[in-house]
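Numbering (our numbering), first residue to last: 6 to 192. All C-beta atoms in this analysis are idealised placements derived from N, C-alpha and C, irrespective of residue type, glycine included. Only a predicted model underlies this, so the values are computations on that prediction, with no experimental measurement involved. One structure below.
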């Protein structure tokens with residue numbers, strides 16, 4: 006395995022997260038579509054989260070309650086929460102559990118993202134590589150290659166507020182670069 010640098014500047018939604026947290030302090034519970042297929046729910050009353058979730062039109066949701074990830078300490082290999090939640094009061098409320106943060110990916114929308122990038126998308130049962138993308142040649146009938154998005158990498162959307170579309174685009178660019186490097190080495 007070798008590391009390949011990102012093809013473009015990463016896109017993170019920490020500013021949007023913090024604005025929504027501010028709004029939740031005045032409104033109680035708030036949800037927002039962040040980009041195609043990605044939604045945030047922020048709540049000062051955790052009991053309101055299920056009702057807020059029902060308001061979002063989701064076809065195939067993958068839901069992560071960040072408070073649970075925090076409590077289980079499953080976030081340690083990701084950007085720490087104090088670098089994503091700017092206000093100290095908000096951070097303390099998140100840590101003690103009086104501020105709830107939910108991030109949702111609608112897996113159905115990944116097909117739309119993949120289509121815009123001329124990819125075909127499939128979910129797998131492999132927890133290590135749950136998303137597979139196939140790249141097609143000019144005739145659009147024969148796959149010329151594929152790449153996967155690892156579970157660890159996908160969790161960056163939930164835990165680090167990265168753009169889902171950026172992760173897919175960046176993975177495609179890294180795959181293409183790796184394929185080019187490999188073909189150059191073979192020649």
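Reduced DSSP category for residue i - H, G, I as helix; E, B as strand; rest coil
| i | result |
| --- | --- |
| residue 111 | strand |
| residue 91 | coil |
| residue 17 | strand |
| residue 61 | coil |
| residue 102 | coil |
Beta-bridge partners of residue i, as assigned by DSSP
| i | result |
| --- | --- |
| residue 127 | 137 |
| residue 37 | 45 |
| residue 68 | 109 |
| residue 148 | 141 |
Where residue i falls, given that 16 or more other Cβ within 10 Å makes a residue buried
| i | result |
| --- | --- |
| residue 101 | exposed |
| residue 170 | buried |
| residue 186 | With a pLDDT of 45 at residue 186, under the threshold of 50, the predicted position of this residue should be treated as unreliable, and no value is reported. |
| residue 161 | buried |
| residue 18 | buried |
| residue 114 | buried |
Integer Cβ distance of residue i from residue j, believed to fall under 8 Å
| i | j | result |
| --- | --- | --- |
| residue 71 | residue 106 | 4 Å |
| residue 136 | residue 151 | 11 Å between Cβ atoms; not a contact. |
| residue 13 | residue 175 | 7 Å |
Beta-carbon proximity check, residue i vs residue j, cutoff 7 Å
| i | j | result |
| --- | --- | --- |
| residue 111 | residue 63 | yes |
| residue 16 | residue 168 | yes |
| residue 179 | residue 89 | no |
| residue 29 | residue 54 | no |
| residue 149 | residue 142 | yes |
| residue 25 | residue 44 | no |
| residue 74 | residue 109 | no |
Residue-chain proximity (residue i, chain C), Cβ-Cβ < 7 Å
| i | result |
| --- | --- |
| residue 142 | Looking at the structure shown, chain C is missing, and only one protein chain is on hand. |
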